[in-house]
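Notes to accompany the following structure.
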Amino acid sequence: MGQKTTALKFVILLGFVSLCADATYEGARSITGAYLETLGASGTLVGLIAGFGELVGYGLRITIGYLSDRTHQYWSITTIGYFLNTAVVPLLALAARWEVAAGLMIAERTGKAIRTPPRDALLSHGVSQLGRGFGFGLHEAMDQTGAVMGPLAVAAVLYWWGGYQNGFVILIVPAISGLLLLLILRQLYPNPQNFEEETSVQHQQELPRVFWIYLGAVALVAAGYADFPLIAYHLQKQDIASGLIIPLIYALAMGVDAIAALIFGRLFDRNGISILMLAVLISCVFAPLVFSDNTNFTLAGMIFWGIGMGAQESILKATIAGLVPKYKRASAYGIFGAGYGLSWFLGSTLMGVLYDWSITFLIGFSVVSQLLAIPFLLWVKSQANTTTIND
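In my numbering, each residue's number is its place in the sequence shown (first place is 1) plus 18.
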């Protein structure tokens, strides 16, 4: 069996693990905004909880990434993270107060923080055999397939049995399935690092300057990207969609995310970072549409929102894999994730406050913040060695 075929199987199996995990926590996230509203939370609180969850989920990655590279226990740390990431989700069914639900939501984000840097480092070795844009895009597509299945399962439960609590309970099925598959995968591929050959980039000892400028550009995009719980809050508060329809809208966005990840990942392998700028221009349209009071505009806006998410999840990680030395990659993903998450937290919190004050200002902030990233990305394109990024 060729090295490329073996690497492809590794990426696909790891994709199935992510599929199960995303079915679990994205199924929950499709209703947590509306769930918090029924428990008495305000728009400001929803934005704060969602943003703080992302802050924890990304901020902790600096420590986790460094720990992963220092100990080389990539699989062990990944496993711990996946367990926490998915095990707490069904417990949301027992939350009777918004404070309890908020704590569980933050715990779930903590689990994702633990497993993501070492998981992405492991994945980066496998995709080196396939084309980084395509490899990360394939993983993201499978990841988001789970993100479609989870909300659809929740929507079906709400239709047949009603009650948000029942929607959380059903998610124990993908949670257990993903953990079992992860344990099997760990035994089959104990050393994914062997997929990747050494290059001149691997001998760099420090993160290059262009990495930090790139991080700043993407942070601006993250600040302007509304988290779905706030969008769900808006849909329910404005009577644009019912509790049953909201998960279906989220599933639509996740389906678009999956397709966009494959397309933009392949385009990245051919055209480089210019494709990320195109994705930003497309995604900045989402806010004026999503935060309208028109159902058709909202659906169109969620499509643009999904395109932006898919492009980011594939291109951002693919770029970093080409910039950073092999054995510092978990640290780089951790630092990058922390910066991204801090910006997401600040942006989400501000947009939650703006929502209670003026939706027009919320929309303006979202659009301007994302567009401000374009000049920085142009600088990155002019300074970065194209071969280094894409090889």
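Every residue, glycine too, gets a C-beta built ideally from N, C-alpha and C. Bear in mind that the values here come from a model prediction, so they are computed numbers and not experimental data.
Under a 10 Å Cβ-count criterion, Leu238 is classified as buried, with 16 or more other Cβ atoms of the shown protein chains found around its own Cβ. Going by C-alpha positions, Ala139 is about 18 Å away from Leu201. Here the region 163 to 171 makes contact with the region 259 to 277; the two share three or more CB pairs at distances below 8 Å. Within the region 148 to 218, complete alpha helix (DSSP H) segments of at least 4 residues are found at 150 to 178, 182 to 187, 190 to 206, given in chain order. Under a 10 Å Cβ-count criterion, Trp179 is classified as exposed, with fewer than 16 other Cβ atoms of the shown protein chains found around its own Cβ. Annotated as proximal: Trp362 and Glu72, with beta-carbon spacing under 8 Å. Where Asp311 is concerned, there is no enclosing alpha helix (DSSP H), because DSSP gives it neither an H nor an E. By the neighbour-count definition (other C-beta atoms within 10 Å, threshold 16), Arg227 is an exposed residue.
Just measuring C-alpha positions, the residue of Ile392, Leu296, Val35 sitting nearest Ile194 is Val35. In the pairwise beta carbon analysis, the region 354 to 369 is classified as touching the region 63 to 77: at least three pairs are separated by under 8 Å.
Cβ contact annotation for Leu57 (same chain, cutoff 7 Å, sequence separation greater than five): Arg115, Trp116, Ala119, in chain order.
Linking Ile333 to Asn312 through their CA atoms gives a straight-line distance of about 32 Å. Remark: C-beta atoms of Leu248 and Met369 approach each other more closely than 8 Å. Between the region 320 to 330 and the region 174 to 191 there are fewer than three inter-stretch CB-CB distances shorter than 8 Å, so the stretches are not counted as touching. Pairing Val385 with Ser94, the inter-Cα distance amounts to about 40 Å.
Taking the Cα positions, Leu253 is about 21 Å away from Ala240.
Taking a C-beta distance under 8 Å as the contact criterion, Leu233 and Gly357 qualify as a contact pair.
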